Amino acid sequence: MKKRLILTLAALLALSLLLSACPSATPAEEAEPTPTPLPEGVVKVTWWTEPLLGTNREALLRDFVDTFNAAHPDIFLEVLFQPDLDRVTRTAIQGGAGPDIVQSPGPAFVIDYVEADHVLPLDDYAAKYGWNKEIFSWALDVGKVDGHLYSLPLTYETMVLWYNKTLFDQHGWTPPTNRAELEALAEECQDQGIIPFAHANASWKAANEWYVGMFYSNYAGADKVYQALTQQIHWDDPLFVEAVALLKDYMDRGWFGGGRDNYYSLTLTDHWGALGDGTAAMKMEGTWGFMHAPIYFEGTGNEWEWAPLPKLRDEVTPVYDLGIGSTVSINAASPHPDAAAEVLDWLYSDPKRAAQLISDIGGGEYVVPIPLTEEDFPPEVDPRFIRALTTFSAKFAEGDYGYTTWTFWPARTEQYIISGIEEVWNGSLTPEAYCQEQQRLFAADLAAGKVPPIPVRQGSE
Amino acid sequence: MTTHQTTQPRRRNWRNQLVPWLFMAPILALNVVIILGPSLASIYYAFTDWTGMGRARFIGLANFTRMIGDPVYRIALVNNLKWTAIFLTVPIFMGLLGAMLLAPIKRGQIFFRTAYFIPYVIASVVNAQIWRCILHPLKGIGPWLARQGIPWLNVAWFGRESTALYAIAFVDNWHWWGFLVVVYLAAMQAVDTQLYEAARLEGANRWQEFWYITLPSIRPTLVFTLLMTVIWSFLVFDYIYVLTEGGPAHASEVLATEVFNAAFGRFEAGYAAAVGLSMSLFCGIVIAIFVALRRRGWEI
Chain W
141 MKKRLILTLA ALLALSLLLS ACPSATPAEE AEPTPTPLPE GVVKVTWWTE
191 PLLGTNREAL LRDFVDTFNA AHPDIFLEVL FQPDLDRVTR TAIQGGAGPD
241 IVQSPGPAFV IDYVEADHVL PLDDYAAKYG WNKEIFSWAL DVGKVDGHLY
291 SLPLTYETMV LWYNKTLFDQ HGWTPPTNRA ELEALAEECQ DQGIIPFAHA
341 NASWKAANEW YVGMFYSNYA GADKVYQALT QQIHWDDPLF VEAVALLKDY
391 MDRGWFGGGR DNYYSLTLTD HWGALGDGTA AMKMEGTWGF MHAPIYFEGT
441 GNEWEWAPLP KLRDEVTPVY DLGIGSTVSI NAASPHPDAA AEVLDWLYSD
491 PKRAAQLISD IGGGEYVVPI PLTEEDFPPE VDPRFIRALT TFSAKFAEGD
541 YGYTTWTFWP ARTEQYIISG IEEVWNGSLT PEAYCQEQQR LFAADLAAGK
591 VPPIPVRQGS E
Chain U
821 MTTHQTTQPR RRNWRNQLVP WLFMAPILAL NVVIILGPSL ASIYYAFTDW
871 TGMGRARFIG LANFTRMIGD PVYRIALVNN LKWTAIFLTV PIFMGLLGAM
921 LLAPIKRGQI FFRTAYFIPY VIASVVNAQI WRCILHPLKG IGPWLARQGI
971 PWLNVAWFGR ESTALYAIAF VDNWHWWGFL VVVYLAAMQA VDTQLYEAAR
1021 LEGANRWQEF WYITLPSIRP TLVFTLLMTV IWSFLVFDYI YVLTEGGPAH
1071 ASEVLATEVF NAAFGRFEAG YAAAVGLSMS LFCGIVIAIF VALRRRGWEI
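Just so you know, the sequences run in chain order W and U.
Quick note on numbering: the first sequence equals residues 141 to 601 in the working numbering.
Quick note on numbering: the second sequence equals residues 821 to 1120 in the working numbering.
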């Protein structure tokens, strides 16, 4: 009896361990401290960043951390990969601790740190290292609070139309450039049993805001968005209401992920997989997709391609929306702020090193806002990626851009955009009511100083 | 002599009272730092506009008046009540039934107890992920059954507003009811077997044995699990967060996910503290009822 009990318990334990080894919903990558004892006179700079998987992690450590440490014998840079980075960092910083280099999800998130005196102004470092010559001016502008520079973009991005080129070629389709072409193509896809857009949010609920932002930019237009962000017009302007109504119409037609139920159920693996195997034709998503596309098209015999998003109203000029994936600042409690500034400078000071890192990571992250030319990239880099980066960075340099919600909207309004659109999609909220509530929240956040600086568009005032 | 004799017991008495406190001191200190301190801080922050960082500004009852008028709070509260109702009935019934059926089994009982207990010891994230795969709307059991000619189960359970909350409750119950079986079984095995023998001599059937002997005998265990079920139902978070994050369109929103969204999504830590305080209040009411019933002499 006792033996049987022990055997059963052992089986239970083994099964538990086996099941616990199954992949979880969120990759639980533990931080990796480097317990090297530091030689005399060497200072340590810590940087907590988001977890990177496999070769991307190796690329960051090899291309950035190792090169920095080799070039700076008096500084030891330690990068820790922190799951749930923003929450962990906020908690640590609030407690007077945290890393020397503070990474946040965007400029709007830095405002709280600035108000609580948790991050240092970077103006002197910018002057010392000549960042205003190295880094795009819009990138420095968005990091300013009350005229002082507090953060630098770690990565910038935009939204594009991804499509299965092989499927398009087979059917003689071309990427749509306007609403009529987009809708005709979506209907044809649906008639042939192909999902028009591989969209879903089960892995990332905030995906909702990508579509709201894109429809604002490509239906109302980037100028109107700029005017609303600066409150020259309001978010309940009829053009924004119509943009939301159009988004609801597309969802109602089942074009996103094959229907609302699937949209809420399918994960990143599902929707990128669907685009790769041709179950779906297109997807409107950010340039971080350069990391996903090669993975999900591999072995399918299909080829991926990207195109600019189509305009959704004739009067609108299509633009690339400017997005900042994350920012870096220096912790006010850091014992070595000068050494931390050296680390930041290492990110922006050499285009070839930056291009190498971007390429090795796959193109979607650590895209620092500095001018890069084709010659800066290693020869083996996918030309589709180089074409994308050089195209939209040139547009951004001219001030020709739109605005992404996660970069320029304050946190509370942004969260409402994400959750409220689901109520619009299920019909419990009208587009008008949705936009009115956005306006109410945005106005309150603006009055409270929670809106980050809005870089002026070319031709806007 | 008399003085000496009275001082000694007093000293011993004082020492006897002190020693247990000394043993408890470390855990008490830990509780003060980890539970009491943050709890008191939360009460304070519930009356402020704190963002989770920097200074907090006192705003009186503004968070509470907002909470009363907040439609998301109302949806979350109703969902918590639905969740409580589900977990006060379905797993309790299944647990009692399972224990009752398992109690007479002598051979292989360990196997069943172990099998029922396995889901309970697996991390909730893993359980949720397993069920996300099983109920996948394209590759799960639903589409497979549809291909076999049974289409009515081919539903995106977590993606549909009408089913999301119940689908999550199903998954949570899957891990929970087996635990209750083991708990109730342990309680049933402590019941005096002579009571059953006497009942059988009187001609009682299985149902009458259960109703008149088992249930009254395990009442303290049963009431305790009911009490904990109510409390845990107001605190439920993990399965909902992992499977739907409270969506779609707040269909599976509960108070704990709303606290999380307010504190870490919208950076309204003051409002989150107020919602958290209301959760504590609901749990406090349940505990007060439990204590009051005990004081009235209920054997629970």
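Where a beta carbon is used, it is the ideal one built from N, C-alpha and C, also for glycine.
Predicted model only: the values in this text are computed from it and were never measured.
The segment 477-496 of chain W makes contact with the segment 513-520 of chain W; the number of CB pairs closer than 8 Å reaches 3 or more. Taking C-beta separations shorter than 7 Å and ignoring five residues to either side along the sequence, the partners of U/Glu1073 in its chain run Val892, Ile895, Ala896, Asn899 and Gly1066, following chain order. Against chain U, the beta carbon of W/Gln555 has neighbours under 8 Å at Asn1081, Gly1085 and Arg1086, listed in chain order.
Identification of chain U residues near W/Asp331 by a Cβ-Cβ cut-off of 7 Å yields none; the smallest Cβ-Cβ distance measures about 20 Å. Shown here for W/Pro592: same chain residues with a beta carbon closer than 7 Å to its own, the five before and five after excluded, namely Pro247, Ala248, Ile251, Val282 and Phe548 in chain order. U/Gly1090 places its beta carbon less than 8 Å from that of U/Thr868.
The DSSP-derived three-state label of W/Ser469 is strand. Against chain W, the CB of U/Pro971 has no partner CB under 8 Å away; the residue lies outside that interface. Taking 8 Å as the threshold, the shortest C-beta distance from U/Met1099 to chain W does not fall below it. When the five nearest sequence neighbours on each side are left out, the beta carbons in the same chain lying within less than 6 Å of the beta carbon of W/Asp376 are those of Cys575, Gln576 and Gln579, in order along the chain. With respect to the 8 Å criterion, W/Tyr436 and W/Asn341 are not classified as neighbours on the basis of their beta carbons. The count of Cβ pairs closer than 8 Å, one atom from the segment 193-206 of chain W and one from the segment 231-247 of chain W, stays below three, leaving the stretches out of contact. Using beta-carbon distances, W/Ser568 counts as an interface residue toward chain U, with a partner under 8 Å. In the three-state reduction of the DSSP assignment, W/Glu321 falls in the helix class.
Using beta-carbon distances, U/Gly1096 does not count as an interface residue toward chain W, since no partner is under 8 Å.
Relative to W/Lys535, the option among W/Phe276, W/Gln243, W/Asp224 and W/Trp187 whose CA is nearest is W/Phe276. Cβ-Cβ distances below 8 Å link W/Asn272 to Ala266 and Leu280 in the same chain, with the five nearest sequence neighbours on each side left out; the list follows chain order. Judged by beta-carbon spacing, W/Arg597 lies within the 8 Å limit of W/Gly539, meaning their Cβ atoms are closer than that value. Annotation: W/Tyr366 has no Cβ neighbours in chain U at a cutoff of 9 Å; minimum Cβ distance is about 24 Å. If the five residues before and after U/Pro939 are omitted, its C-beta is found closer than 7 Å to the C-beta atoms of Asn947, Trp994, His995 and Gly998, all from its own chain and listed in chain order.
A straight-line Cα-Cα distance of about 37 Å links W/Val182 and U/Thr871.
W/Val507 is the residue among W/Val507, W/Asp389, W/Leu217 and W/Ile373 whose C-alpha sits nearest the C-alpha of W/Thr295.
Using a 10 angstroms sphere on the CB of U/Trp1118, the tally of other CB atoms stays under 16, which defines it as exposed.
For W/Ala420, the beta-bridge partners assigned by DSSP are W/Ile335. When the alpha-carbon of W/Ala211 is set against those of W/Asp585, W/Glu520, W/Val483 and W/Glu563, the nearest one is in W/Val483. Annotated three-state conformation of W/Asn341 is coil, per DSSP.
Here DSSP, grouped into helix, strand and coil, assigns W/Glu505 to coil. Here U/Met920 carries a helix assignment [DSSP, helix/strand/coil]. Minimum Cα-Cα distance from W/Thr531 among the listed residues W/Pro223, W/Ala551, W/Asp257 and W/Tyr460 corresponds to W/Tyr460. In this structure the segment 849-859 of chain U does not lie against the segment 1024-1040 of chain U, because fewer than three pairs of beta carbons, one per stretch, are closer than 8 Å. For U/Tyr936, the closest of U/Thr983, U/Leu1000, U/Ile961 and U/Gly889 by C-alpha to C-alpha distance is U/Leu1000. In this structure, the straight-line span from the alpha carbon of W/Arg230 to that of U/Ala1092 is close to 16 Å.
In the displayed model, W/His288 falls within a strand according to three-state DSSP. The Cβ of W/Lys345 sits closer than 8 Å to at least one Cβ of chain U. The segment 977-996 of chain U and the segment 927-936 of chain U do not touch, with fewer than three beta-carbon pairs separated by less than 8 Å. In the three-state reduction of the DSSP assignment, W/Ala447 falls in the strand class.
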